[in-house]
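J.:
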Amino acid sequence: MNIQKKEIASEIFTGSMADISFLLIIYFMITSAFSATRGLDFALPEETDTPEIKQEDSIEVHVTPGGAIEVDKKGLPRDGLLPYVLEKLQQNPDKPVILRTDPDATYGDMISVFDLLRRANEEWTDEQGNPLYKDVNGDPLVEIKTISIPTQREIENIWNLLGMG
Amino acid sequence: MDLIRGRDRGTGAQIFTASMADIVFLLIVFFVLTYKVEVDKTQMDLPETWIRKKVPEKAAVISISPPDKGSTIRVSTGEEMALPVSTIEEVITFASTEVAKNPDREFILKADQGAPYARVDEVLDALKQSKVKYIFLLSEQLTADKK
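Each protein sequence line maps, in turn, to chains A and B.
Note that the first sequence ends on residue 165 in my numbering; no numbers are left out.
Note that the second sequence ends on residue 1147 in my numbering; no numbers are left out.
(1) Comparing alpha-carbon positions, which option in 1014/B, 1021/B, 1017/B lies nearest residue 17/A?
(2) Going along chain A in order, which residues have a C-beta closer than 7 Å to the C-beta of residue 1049/B?
(3) When the Cα of residue 1134/B is compared with those of 1056/B, 1014/B, 1064/B, 1050/B, which residue comes out closest?
(4) Whose CA, out of 1079/B, 1052/B, 1072/B, 1032/B, lies closest to the CA of residue 1061/B?
(5) First and last residue of the alpha helix (DSSP H) that includes residue 1033/B?
(6) Between which two residues does the alpha helix (DSSP H) holding residue 1105/B run?
(7) Please confirm if residue 133/A has its CB atom under 8 Å from at least one CB of chain B.
(8) When you compare each of 1114/B, 1116/B, 1072/B, 1099/B to residue 1041/B by their alpha carbons, which one comes out closest?
(9) Can you name the residues of chain A whose CB is closer than 7 Å to the CB of residue 1121/B?
(10) Please list, in chain order, all residues of the same chain as residue 135/A whose beta carbon is under 6 Å from its beta carbon, the five residues on each side excluded.
(11) For residue 148/A, I'd like the list of residues in its chain whose CB is within less than 6 Å of its CB, leaving aside the five on either flank, ordered along the chain.
(12) Using C-beta distances below 6 Å, list every residue in its chain close to residue 1142/B, excluding the 5 sequence neighbours before and after it, in chain order.
(13) Give a yes or no on whether 8 Å exceeds the smallest Cβ distance from residue 1020/B to chain A.
(14) Count the other CB atoms, across all protein chains shown, that sit within 10 Å of the CB of residue 159/A; report buried if there are 16 or more and exposed otherwise.
(15) Is any beta-carbon of chain A found at less than 8 Å from that of residue 1066/B?
(16) Would you call the CB atoms of residue 1058/B and residue 39/A closer than 8 Å?
(17) Check the Cβ of residue 24/A against every Cβ in chain B and list those closer than 7 Å, keeping chain order.
(18) Between which two residues does the beta strand (DSSP E) holding residue 97/A run?
(19) Cutting at 8 Å between CB atoms, please list the residues of its own chain near residue 1083/B, excluding the five before and the five after it.
(20) Among 1138/B, 1144/B, 1128/B, 1136/B, which residue has its Cα nearest to the Cα of residue 45/A?
(21) Using the C-alpha atoms, what's the distance from residue 66/A back to residue 104/A?
(22) List the residues that DSSP assigns as beta-bridge partners of residue 1141/B.
(23) Is any beta-carbon of chain B found at less than 8 Å from that of residue 118/A?
(24) Buried or exposed, going by whether 16 or more other CB atoms sit within 10 Å of the CB of residue 151/A?
(25) For a contact meaning CB atoms closer than 7 Å, what does residue 108/A contact in chain B?
(26) If the cut is a Cβ gap below 7 Å, which residues of chain B does residue 37/A touch?
(27) Who pairs with residue 131/A in a beta bridge, going by DSSP?
(28) Any C-beta of chain A within less than 8 Å: which residues of the segment 1125 to 1141 of chain B qualify?
(29) Residue range of the alpha helix (DSSP H) that residue 42/A falls in?
(30) Buried or exposed: where does residue 132/A fall if 16 or more other Cβ atoms within 10 Å of its Cβ makes it buried?
(31) Within 8 Å, do at least three Cβ pairs link the segment 69 to 84 of chain A to the segment 1087 to 1103 of chain B?
Below, the structure is given as structure tokens:
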């Protein structure tokens, strides 16, 4: 007798794959964070290589409550900050800029001035990145080399050292 | 009767779904690759800056919540959810521990733009005392019209 073999086609059931996939998509969409992943970088000085900065050797930018700025103790509009710093750095390109913020000001006030100072590189170069200005030695001036953000404790320490505390 | 048979022959409207699986898998791959757990979910208005650099992944995070939420400081190693700290000494301890593990450890400061600077100053001072070398101040993109 000829027994015919019944052939059962082997197949993987894929009907529910779309459901599983959509479930996974929804999970990743909900839990995935489109968070801010960019910001201003800021390198803190190591104590060993911190040179002693004399006040007259630096450009002091003071951010007051409300976001107004005083540069070297004189009120200045924000538009005037970079030209002022440029003029000073042309005389001495190593001059550090000290950014001091009033404790009653907000973080946003400080960041906006810090961002403005960091923008010097864009403002002082052309679209190809060529320097637009030169310092007194004839070297290209393309950025502010040192921007220091002293903390209140450091400022008080300096005052104490100077006997002004 | 012929008319009815003719009606039967009409082609049924269908949506072609064969490529749906491909699209769905493509989306899954995208989400898997871009998936990142936000370690600090505090809602805040970040300050806007023109200069923005990519912050390193897995950097330690210190956040300062908006003033209406108490300007609370939270810390995270970058891999675990951020935990609130009550004193600035705890920030110093946290940062010092991280720096001891890796002297070049990067820190992200995520603070609300309305946070009082005195609070930010405390955190910056704590990081300086802990010998932290690199800080990234998290910000949103400043647009040309606000520049």
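Backbone N, C-alpha and C define an ideal beta-carbon position, used for all residues, glycine too.
T.: If we stick to the structure as given:
(1) That would be 1021/B, whose Cα lies nearest to the Cα of residue 17/A.
(2) 40, 111, 115
(3) 1056/B
(4) 1079/B
(5) 1020 to 1034
(6) Premise fails: residue 1105/B is in no alpha helix (DSSP H) and is neither H nor E.
(7) The beta carbon of residue 133/A sits no closer than 8 Å to any beta carbon of chain B.
(8) 1072/B
(9) 103, 151, 152
(10) 90, 93, 141
(11) These residues qualify, in order along the chain: 96, 98.
(12) Closer than 6 Å at the Cβ level, and outside the excluded window around residue 1142/B, lie 1048, 1049, 1050.
(13) At least one CB of chain A lies nearer than 8 Å to the CB of residue 1020/B.
(14) exposed
(15) no
(16) no
(17) 1028
(18) 97 to 101
(19) Within its own chain, the residues whose Cβ lies closer than 8 Å to the Cβ of residue 1083/B, once the five positions on either side in sequence are excluded, are 1074, 1075, 1076, listed in chain order.
(20) 1128/B
(21) Whole-angstrom Cα-Cα distance: 9 Å.
(22) 1049/B
(23) yes
(24) Flag for residue 151/A reads buried.
(25) Those within 7 Å of residue 108/A in chain B are 1047, 1113, 1114.
(26) 1054, 1055
(27) Its beta-bridge partners are 125/A.
(28) Under the 8 Å Cβ criterion, the segment 1125 to 1141 of chain B contributes 1125, 1127, 1128, 1131, 1132, 1133, 1134, 1135, 1136, 1137, 1138, 1139, 1140, 1141.
(29) It is not in any alpha helix (DSSP H) - residue 42/A instead sits in the beta strand (DSSP E) that spans 38 to 43.
(30) exposed
(31) Judged by Cβ distances under 8 Å, the segment 1087 to 1103 of chain B makes no contact with the segment 69 to 84 of chain A, as fewer than three pairs qualify.
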